[in-house]
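Reminder that position 4 of the sequence shown reads as 4 in our numbering, one-by-one numbering, no gaps.
Glycine included, every Cβ here is placed at the ideal spot set by N, Cα and C.
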Amino acid sequence: MPFVEINVWKENMDDSKKEKLIKEVSQDVSEIVGTPLYAVEVIINEIPKANWGKGGIQSSKWIQGQFSPKG
1 MPFVEINVWK
11 ENMDDSKKEK
21 LIKEVSQDVS
31 EIVGTPLYAV
41 EVIINEIPKA
51 NWGKGGIQSS
61 KWIQGQFSPK
71 G
């Protein structure tokens, strides 16, 4: 059975968005993989922005503009 794990920022997902994401991802995976829809499992992990980083910067700081990118 296919298992899909999705990581998102906690602050960005309300229940209606989660419901739509689960439904549409499940349908796509079922169609592409050729497995019954009931066999597709989807898990959404909601991660606080303070626990997520990009480019060595905490994501909550990216959002607030509190960073100085160094290249």
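Relative to K54, the option among W9, K17 and V4 whose CA is nearest is W9. In this structure, the straight-line span from the alpha carbon of E31 to that of E24 is close to 11 Å.
Across the structure, K17 and N45 are spaced so that their CA atoms are roughly 13 Å apart. A straight-line Cα-Cα distance of about 10 Å links S26 and K20. Beta bridge pairing from DSSP links E41 with F3.
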